[in-house]
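Notes follow the structure.
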Amino acid sequence: MSSGITNWLLNSDEPWTRYRTLLDLLGRTEDAPEVQTARREMLAHPFVQGLVEEAATWPGYALKRHNDAKHPLHHVSVLADFGLKAEDPGMGSVLSALMSHQDPGGSFQTLMQLYKSFGGIEGEHWVWMMCDAPTVLYGLLNFELSGDPVVKRAADHMVAHIRYNGWPCVVGEPLGDTFRGPGRRDDPCPYANLISLKAVSIVPDMLESEIAHTGAEMLLWHWEHQKERKLYFFAMGTDFRKLKYPFVWYDILHVVDVLSRFPFVRSDPRLREMVATITEQADDEGRYTANSMYQAWKGWSFANKKNPYPWLTFLVYRIQYRMRMAV
């Protein structure tokens with residue numbers, strides 16, 4: 059990373075970018091004065107305080123589609139990406155809300171709008187799905203609650219559902235076995251696999267596990283066979299290759315960010331192909347501009363397709379930093 063990019067990130071008016079750059083790219087520790095300053099400014103920023111307030115309204119409203127970028131589910135994910143912790147101001151209310159509904163099996167539930175056409179009952183119901191519960195778990199693990207027994211039970215429940223080819227499309231009661239997702243029953247669901255693997259990445263003891271290898275191979279296999287067929291309607295075409303944040307759905311930056319967390323994947327040529335697809339989108343100064351955006355996040359720098367923005371650029375350079383650590 060050039061000194062010009064480093065200075066651009068450190069001089070950003072986004073304290074979350076400065077905070078993560080210091081930690082993840084420059085190797086500073088949490089007790090370093092400049093890190094503590096950036097963290098204080100991040101927690102005091104009105105955008106971050108707004109995210110905390112929105113996340114605390116959980117469940118907000120019944121979720122109808124999992125790529126609804128304005129839903130509190132994705133506010134939780136962004137707060138986790140930035141590095142907020144359980145003890146930060148306002149987070150107590152967020153955690154209480156997230157953990158208020160837990161399936162007997164262990165996964166945390168989301169208020170969903172269910173439809174008979176999908177093999178269930180009509181109306182709003184608390185239910186867990188493999189395409190939302192892992193995001194809740196990812197947040198709780200990132201908020202440093204891995205030692206909480208109920209969070210551990212949720213992690214065990216998620217891991218228990220992986221199959222030989224990755225995580226499938228699976229849901230809890232009141233849907234259960236009656237639910238039918240939009241794909242072949244024996245196929246893994248790419249999105250469920252992605253967010254489940256992301257949750258696994260927060261558990262140090264699982265970074266080299268068989269679970270991690272299976273989940274990573276599913277995503278790498280999908281890239282390798284991208285021209286052959288879709289999995290649950292998920293493809294890796296033009297839209298997939300567009301740089302976009304927040305990590306709401308199944309796209310290249312989200313996939314590569316997750317895969318690059320696992321040391322055993324970093325030398326895989328399939329991942330390196332994906333990284334090259336991202337890095338070739340840099341401008342002449344090595345900065346990155348979104349070529350797709352979520353209107354629900356208008357006002358944030360990453361909801362801007364005209365100019366390069368620091369947070370997206372940071373995410374790409376963090377991927378490259380991880381890749382350089384490959385043996």
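Numbered according to this note's numbering, the sequence shown spans residues 59 to 385. Note that beta-carbon positions come from the ideal geometry of N, C-alpha and C, so glycine has one too.
Could you check the C-alpha separation between residue i and residue j for me, to the nearest Å?
{"i": "Ile310", "j": "Asn223", "result": "20 Å"}
{"i": "Asp326", "j": "Ile269", "result": "17 Å"}
{"i": "Trp358", "j": "Asn365", "result": "12 Å"}
{"i": "His271", "j": "Glu286", "result": "23 Å"}
{"i": "Leu67", "j": "Pro246", "result": "38 Å"}
{"i": "Gly197", "j": "Gly62", "result": "33 Å"}
{"i": "Arg345", "j": "Glu231", "result": "46 Å"}
{"i": "Gln378", "j": "Glu180", "result": "46 Å"}
{"i": "Pro91", "j": "Leu169", "result": "41 Å"}
{"i": "Val385", "j": "Asp341", "result": "With a pLDDT of only 42 at Val385, under the threshold of 50, the placement of this residue in the model should not be trusted; the figure read from the coordinates follows. The straight-line gap from Cα to Cα measures roughly 29 Å."}
{"i": "Asp206", "j": "Met157", "result": "11 Å"}
{"i": "Val229", "j": "Met187", "result": "4 Å"}
{"i": "Glu112", "j": "Gly141", "result": "17 Å"}
{"i": "Arg76", "j": "His219", "result": "38 Å"}
{"i": "Glu72", "j": "Ala348", "result": "16 Å"}
{"i": "Ala120", "j": "Glu182", "result": "6 Å"}
{"i": "Leu195", "j": "Ser204", "result": "9 Å"}
{"i": "Met381", "j": "Tyr173", "result": "43 Å"}
{"i": "Thr115", "j": "Pro130", "result": "7 Å"}
{"i": "Thr64", "j": "Gly164", "result": "43 Å"}
{"i": "Ser100", "j": "Tyr308", "result": "Sequence inspection shows Met at residue 100; the Ser mentioned does not correspond to that position. The alpha-carbon atoms of Met100 and Tyr308 are separated by roughly 27 Å."}
{"i": "Leu370", "j": "Lys363", "result": "11 Å"}
{"i": "Gln284", "j": "Glu88", "result": "41 Å"}
Residue range of the alpha helix (DSSP H) that residue i falls in?
{"i": "Val106", "result": "Pro104 to Ala113"}
{"i": "Val313", "result": "Ile310 to Leu317"}
{"i": "Gln378", "result": "Pro368 to Met381"}
{"i": "Thr337", "result": "Pro327 to Thr337"}
{"i": "Leu172", "result": "No alpha helix (DSSP H) contains Leu172, which is instead part of the beta strand (DSSP E) from Thr168 to Leu172."}
{"i": "Ala90", "result": "Premise fails: Ala90 is in no alpha helix (DSSP H) and is neither H nor E."}
{"i": "Ser61", "result": "Ser61 to Leu68"}
{"i": "Val136", "result": "Pro130 to Phe140"}
{"i": "Lys210", "result": "Pro207 to Ala218"}
{"i": "Lys256", "result": "Pro248 to Val258"}
{"i": "Ala144", "result": "Counting along the chain, Ala144 falls outside any alpha helix (DSSP H), and DSSP gives it neither H nor E."}
{"i": "Leu148", "result": "Checking the sequence, you will find Gly at residue 148 rather than Leu. Looking at the DSSP string, Gly148 is not in any alpha helix (DSSP H), and its letter there is neither H nor E."}
{"i": "Tyr196", "result": "Ala191 to Asn200"}
Using CA atoms only, rank isn't needed, just tell me which of the options is closest to residue i.
{"i": "Pro147", "options": "Pro130, Val110, Asp126 and Ala340", "result": "Val110"}
{"i": "Leu277", "options": "Met332, Phe305 and Asp297", "result": "Met332"}
{"i": "Leu199", "options": "Gly181, Arg243 and Ala138", "result": "Ala138"}
{"i": "His159", "options": "Ala144, Ala191, Glu282 and Gly141", "result": "Ala191"}
{"i": "Ser135", "options": "Pro248, Asp161, Tyr119 and Val106", "result": "Val106"}
{"i": "Leu317", "options": "Ser259, Thr296, Glu343 and Phe292", "result": "Ser259"}
{"i": "Gln171", "options": "Arg382, Ser165, Asp161 and Trp184", "result": "Trp184"}
{"i": "Ala144", "options": "Glu202, Phe292, Lys288 and Tyr249", "result": "Glu202"}
{"i": "Thr193", "options": "Arg221, Gly163, Pro304 and Lys174", "result": "Pro304"}
{"i": "Ala274", "options": "Tyr119, His133 and Val323", "result": "Val323"}
{"i": "Arg243", "options": "Val261, His133 and Arg221", "result": "Arg221"}
{"i": "Glu338", "options": "Tyr308, Trp355 and Tyr375", "result": "Tyr375"}
{"i": "Leu329", "options": "Glu343, Lys288 and Glu282", "result": "Glu282"}
{"i": "Lys210", "options": "Ala257, Leu84, Gln284 and Met100", "result": "Ala257"}
{"i": "Pro162", "options": "Val208, Met294 and Val314", "result": "Val208"}
{"i": "Lys288", "options": "Pro248, Arg319, Val306 and Arg86", "result": "Pro248"}
Let's see if you can read the secondary structure: which residues bound the beta strand (DSSP E) around residue i?
{"i": "Met276", "result": "Element bounds for Met276: not the beta strand (DSSP E) but the alpha helix (DSSP H), Glu268 to Glu282."}
{"i": "Trp184", "result": "Gly181 to Val185"}
{"i": "Thr79", "result": "Thr79 -> no beta strand (DSSP E), and no H or E assigned at all."}
If you measure from the beta carbon of residue i to each beta carbon in chain C, is any gap under 9 Å?
{"i": "Thr337", "result": "Looking for chain C here will not work: only one protein chain is present."}
Could you give the C-beta distance for residue i and residue j, rounded to a whole number, given that I count them as a contact under 8 Å?
{"i": "Leu301", "j": "Ile253", "result": "In fact, because the Cβ distance is near 19 Å, the residues do not count as touching under 8 Å."}
{"i": "Ala127", "j": "Tyr352", "result": "4 Å"}
{"i": "Leu265", "j": "Pro321", "result": "7 Å"}
{"i": "His124", "j": "Cys189", "result": "5 Å"}
>> Counting beta carbon pairs with one atom in the region 207-216 and one in the region 133-152, are three or more of them shorter than 8 Å?
In response: Judged by Cβ distances under 8 Å, the region 133-152 makes no contact with the region 207-216, as fewer than three pairs qualify.
> Does the pairing of the region 95-108 with the region 72-86 give three or more beta-carbon distances under 8 Å?
Replying inline: Proximity of the region 95-108 to the region 72-86 meets the contact definition, three or more beta-carbon pairs being nearer than 8 Å.
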